[in-house]
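Protein chains in written order, with the working numbering: chain A, 670 to 818; chain B, 670 to 818.
Beta carbons are placed, not taken as given, at the ideal position from N, Cα and C, and that holds for glycine.
Values in this document were obtained by computation on a predicted structure and should not be read as measured data.
There are 2 protein chains.
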Amino acid sequence: MPGPHRWRKRFEGHICRWTMPREAILDLLSRTTKHLSAKEIYANLLQIYPGIGLTTIYRTLDLLEKTGMIKKFNFRQGENRYEFAGEQRPHHHHLICTSCGKIIDYSDFAEEELELVEKSAKQLAEKYKFLVQDHNIEFYGLCQQCQKD
Amino acid sequence: MPGPHRWRKRFEGHICRWTMPREAILDLLSRTTKHLSAKEIYANLLQIYPGIGLTTIYRTLDLLEKTGMIKKFNFRQGENRYEFAGEQRPHHHHLICTSCGKIIDYSDFAEEELELVEKSAKQLAEKYKFLVQDHNIEFYGLCQQCQKD
DNA sequence: CTGATAATGATAATCATTTTCAATAATAAT
DNA sequence: ATTATTATTGAAAATGATTATCATTATCAG
Ligand SMILES: [Mn+2]
Ligand SMILES: [Mn+2]
Ligand SMILES: [Zn+2]
Ligand SMILES: [Zn+2]
Numbered sequence: 670m671p672g673p674h675r676w677r678k679r680f681e682g683h684i685c686r687w688t689m690p691r692e693a694i695l696d697l698l699s700r701t702t703k704h705l706s707a708k709e710i711y712a713n714l715l716q717i718y719p720g721i722g723l724t725t726i727y728r729t730l731d732l733l734e735k736t737g738m739i740k741k742f743n744f745r746q747g748e749n750r751y752e753f754a755g756e757q758r759p760h761h762h763h764l765i766c767t768s769c770g771k772i773i774d775y776s777d778f779a780e781e782e783l784e785l786v787e788k789s790a791k792q793l794a795e796k797y798k799f800l801v802q803d804h805n806i807e808f809y810g811l812c813q814q815c816q817k818d
Numbered sequence: 670m671p672g673p674h675r676w677r678k679r680f681e682g683h684i685c686r687w688t689m690p691r692e693a694i695l696d697l698l699s700r701t702t703k704h705l706s707a708k709e710i711y712a713n714l715l716q717i718y719p720g721i722g723l724t725t726i727y728r729t730l731d732l733l734e735k736t737g738m739i740k741k742f743n744f745r746q747g748e749n750r751y752e753f754a755g756e757q758r759p760h761h762h763h764l765i766c767t768s769c770g771k772i773i774d775y776s777d778f779a780e781e782e783l784e785l786v787e788k789s790a791k792q793l794a795e796k797y798k799f800l801v802q803d804h805n806i807e808f809y810g811l812c813q814q815c816q817k818d
């Protein structure tokens, strides 16, 4: 279902109005596998949507995150980064190069990981009475290129 | 070995001069199990060390992190937090309450976790040629108190 | 088509962190 | 111990990401 209202139905119940910036931002994120910052999204959209405001980018990203359509990450870099989180995209974690900032998705070990995470969630609930809602696993190090330099 | 030079030898080779702010900051962190922000450290030290500057706190924290004596965390809160990382403190991960910000250390599952992490590091090195140097695992959710509210 | 009002975008404000730079203090040299 | 060297400090200003304000605009129910 292409067109300006592709994502609209995903929103019903969450917000009132479907607008151009919302479509554009979600569309951009859905088309890339990159982890974009607000400013990168802004720079990208300025070309096809001159006049869009950085403020709106931030607001919309918050909104999309709350509805669960995108995910927000802080990779120890100055700015937060966002990625699309549709069901097409498998659950995964990240490798972050501390030298050049490159981010690699990986979904290896999904099974062992899920096992550990679920076991952990259960036991942490018992021991600390903590209700686990989300988890984050990341590896920091050097990418292939940066190991050479 | 108490006294103003308790931590001094840990620094040799890393920095030139051992100073009061450095001792004070490291001492504070070594005495608490909390995860303090720069501003919290500043507020704490002002009492015993009037005149200390927030700038120095930031600089010293950077320095201590580089030597590996403390660890820096971003828990999706506005500010970074720091904790002491001596050998007395076991390797552990965190539960973060998204409602009140409470942070709980846990070191359960250490064995399974270590196993998974090491296996992952090895395979990620092969598949992505990525050199893993550090990892981070965290669970987000609600603490006991916040589940009631 | 029209009105109510949610959403936008320019601007200013905030907040954590970093930079600058003159003054100070830790250490090496005397 | 005294002095000289220069790393370190702290006040102030700068930065950079994000958020708040508010008048204007655009969506959409009626
Ligand atoms: Mn990803
Ligand atoms: Mn901890
Ligand atoms: Zn790299
Ligand atoms: Zn809580």
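Closest Cβ-Cβ distance between residue i and chain B: below 8 Å?
{"i": "D731/A", "result": "no"}
{"i": "D818/A", "result": "no"}
{"i": "D777/A", "result": "yes"}
{"i": "Q813/A", "result": "yes"}
{"i": "G810/A", "result": "yes"}
{"i": "L793/A", "result": "yes"}
{"i": "S789/A", "result": "yes"}
{"i": "I773/A", "result": "yes"}
Verify the CB distance criterion: does residue i have a CB-CB separation below 8 Å to chain A?
{"i": "E807/B", "result": "yes"}
{"i": "P671/B", "result": "Residue placement at P671/B cannot be trusted, given a pLDDT of 49 that sits under 50; what the coordinates show is reported in the next sentence. With 8 Å as the cut-off, P671/B does not count as an interface residue toward chain A."}
{"i": "V801/B", "result": "yes"}
{"i": "H804/B", "result": "yes"}
{"i": "S768/B", "result": "no"}
{"i": "C685/B", "result": "no"}
{"i": "L783/B", "result": "no"}
{"i": "Y797/B", "result": "yes"}
Along the chain, where does the alpha helix (DSSP H) containing residue i start, and where does it finish?
{"i": "N713/A", "result": "707-717"}
{"i": "E787/A", "result": "779-797"}
Span of the beta strand (DSSP E) holding residue i?
{"i": "I694/A", "result": "No beta strand (DSSP E) contains I694/A, which is instead part of the alpha helix (DSSP H) from 689-700."}
{"i": "E807/B", "result": "800-811"}
{"i": "I773/B", "result": "772-775"}
### Query
Would you call the segment 744-755 of chain A and the segment 788-800 of chain A in contact, with 3 or more CB pairs under 8 Å?
no
### Task
Say whether the segment 680-698 of chain B touches the segment 752-772 of chain A, bearing in mind that this needs 3 or more beta-carbon pairs closer than 8 Å, one atom from each stretch.
no
### Message
As an exercise, report each continuous beta strand (DSSP E) stretch of at least 3 residues that is fully enclosed by the segment 717-762 of chain A, in chain order.
### Response
739-742, 750-753
### Task
Would you check if the segment 795-815 of chain A and the segment 687-696 of chain B touch, i.e. whether three or more CB-CB distances between them fall below 8 Å?
no
### Query
Are the segment 776-786 of chain A and the segment 725-745 of chain A touching by the rule of at least three beta carbon pairs closer than 8 Å?
no
### Query
Listed in chain order, which residues of the segment 734-766 of chain B have Cβ atoms closer than 7 Å to some Cβ of chain A?
N743, R745, L764
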